[in-house]
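My numbering puts the sequence shown at residues 2 to 330.
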Amino acid sequence: MSTTQRIGRARARANIALAKYWGKADVERNLPAVPSISMTLDPLTTETSVEPRADLLRDELILNGTPAAAVEVARATQLLDRVRAEAGVHWRARIESQNHFPTASGLASSASGFAALAAAARCAAGLPFDAAATSALARRSSASAARSVYGGYVELPAGLPGDDALAALPLAPVEHWGLCIVVAVTAEGRKAVGSTDGMTHTKLTSPYYDAWVEAAPALAAEVRAGILARDLGQVGRAMEQSTLAMHACALAAAPGLIYFQPATLAAFARVRALRSERRAEVYATMDAGPHVKALCHAADATAVSQALSEVPGVLRTILAGPGPGVELV
Ligand code: PMV
């Protein structure tokens with residue numbers, strides 16, 4: 002192996018969408034049909050290394066210390082193929098990726114995982130660090146991963162079919178606003194229907210899909226304006242509407258996609274009760290899974306966490322503030 006080859010190492014964090022992405026404008030290029038806005042989460046990191054190896058015939062992927070399933074290796078290879086084509090290199094790599102999430106946090110690791118892999122792979126290939134190129138590369142594998150390339154508050158615009166360079170954009174840095182997300186974990190294990198399958202099924206069968214795509218940009222605009230003005234009420238109201246509209250659209254698919262568990266609705270109701278009883282200014286959002294993520298001021302996070310822990314069916318809570326974007330380490 003030549004001495005110019007290097008190991009690329011990167012760290013990235015999970016993110017939660019305050020304005021949701023659901024639906025693809027271009028499946029082949031993985032372009033979202035709607036804009037989304039997220040907060041990058043501080044304590045939930047993935048660290049990934051990409052080691053070019055002359056002795057390998059195919060890429061290897063070790064996930065959390067264990068060889069990954071073939072389908073996961075194939076997704077990593079697709080990303081590496083794009084990097085190899087851009088850099089004009091032909092090596093295969095050993096990839097090691099470790100999630101430093103609280104045990105069984107119930108949070109998807111695809112966003113942090115693909116953001117870290119994109120940065121580490123470009124570094125290993127000798128490409129200079131370029132946030133927009135890293136974000137566009139991560140987006141091809143998982144659109145939410147495009148957002149984890151940046152810290153703080155981040156927007157991923159909707160894509161036009163064919164727009165291969167679509168990348169996320171930083172909206173406001175970590176220091177802009179110290180909000181907190183309290184994750185109420187309501188179930189163990191993997192979700193029943195993954196986001197890509199769920200989106201495709203919704204687009205093909207839900208009579209509300211077009212209405213969702215039409216409504217989503219205005220909700221994202223409200224979330225964006227609320228973040229820039231540091232107005233939690235404005236962000237929170239639009240965030241709840243965005244998540245409920247996304248789920249309404251998925252619920253109306255045939256057969257309907259129900260990501261909620263009884264504890265999901267109970268936790269959601271508790272968030273609204275905390276608000277109506279004026280105990281905390283807090284709003285809720287849910288992704289393609291049963292967990293509830295409550296958004297509040299950092300000063301209210303302990304009280305919100307305590308209240309959500311008492312909801313029957315909530316297994317534990319995790320507190321996360323805004324965190325930085327991808328880092329080469
Ligand atoms: O990018 P994916 O395939 O992980 O899809 C993310 C979909 C949601 O989490 C439901 C919404 C979002 O914008 O993160």
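Even glycine gets a Cβ: it sits at the ideal position worked out from N, Cα and C.
Going by DSSP, which residues form a beta bridge with D27?
-> L32
Distance CB(S196)-CB(A217) smaller than 8 Å = no
By the 10 Å Cβ neighbour count, where 16 or more other Cβ atoms means buried, how is R14 classified, buried or exposed?
-> buried
The ligand PMV heavy atoms versus the CB of D288: any closer than 7 Å?
-> yes
Whole runs of the beta strand (DSSP E) within the region 238–316, excluding any shorter than 3 residues | 283–286 and 293–298
Under the DSSP definition of a beta bridge, which residues are partnered with P323?
-> L42
Proximity below 8 Å, CB of A75 to CB of V214 = no
Report buried or exposed for G66, applying the criterion of at least 16 other Cβ atoms within 10 angstroms of its Cβ.
-> exposed
Range covered by the beta strand (DSSP E) that runs through G224 | The question names Gly, but residue 224 is Val in the sequence shown. No beta strand (DSSP E) contains V224, which is instead part of the alpha helix (DSSP H) from Y210 to L229.
Out of P208, P44, A168 and I96, point me to the one whose CA is closest to P36's CA.
-> A168
Distance CB(A11)-CB(V330) smaller than 8 Å = yes
Do S145 and the ligand PMV come close, with the Cβ less than 7 Å from some heavy atom?
-> yes
Could you say which of V51, R140, P174 and T46 lies nearest to A159 if we only look at CA atoms?
-> R140
Alpha carbon to alpha carbon, how far is K204 from L32?
-> 14 Å
Straight-line Cα distance separating D56 from G322 | 42 Å
For Q99, which residues does DSSP report across the bridge?
-> E48
How many angstroms separate the CA atom of G234 from the CA atom of A86?
-> 46 Å
State yes or no: is the C-beta of K25 nearer than 7 Å to some heavy atom of the ligand PMV?
-> no
Considering only residues of the same chain and omitting the five flanking positions on each side of R95, which have a CB-CB separation below 7 Å?
-> E52, R54, L57 and E61
Specify, as a first and last residue, the run of the beta strand (DSSP E) that A71 falls within.
-> Unbroken run through A71 is the alpha helix (DSSP H), A71 to A88; no beta strand (DSSP E).
DSSP three-state assignment for T187, whether helix, strand or coil = coil
Tell me whether K21 counts as near the ligand HEM, meaning its Cβ is closer than 7 Å to at least one heavy atom of that ligand.
-> Among the ligands in the structure shown, the ligand HEM does not appear; only the ligand PMV can be found there.
Look at V312 and A274 and say whether their C-beta atoms are less than 8 Å apart.
-> no
In angstroms, rounded to a whole number, what distance separates the CA positions of M2 and E328?
-> Any reading at M2 is ruled out, since the residue's pLDDT is 45, under 50, leaving its predicted position unreliable.
L58, enclosing alpha helix (DSSP H) - first and last residue | Careful: L58 lies outside any alpha helix (DSSP H) and carries neither H nor E.
Where in the region 89–167 do unbroken runs of the beta strand (DSSP E), each at least 3 residues long, occur, reported from the N-terminal end onward?
-> 93–101 and 154–157
With a threshold of 7 Å, establish whether the CB of A254 neighbours any heavy atom of the ligand PMV.
-> no
Starting from R12, follow its DSSP beta bridges and name the residues at the other end.
-> E48 and E328
What are the boundary residues of the alpha helix (DSSP H) that D198 is part of?
-> S196 to T206
Per DSSP, cross-strand counterpart(s) of A20 = I38
Grab the span of the beta strand (DSSP E) containing P171 for me, first residue to last.
-> L170 to A173
Thinking C-alpha only, which one of L252, A270, A20 and F115 is nearest A185?
-> A270
Ordered along the chain, which non-local residues of its own chain (more than five positions away) have a Cβ less than 6 Å from that of P174?
-> G153
With L296 and I182 assumed to form a contact (beta carbons below 8 Å), what rounded beta-carbon distance in angstroms separates them?
-> 6 Å
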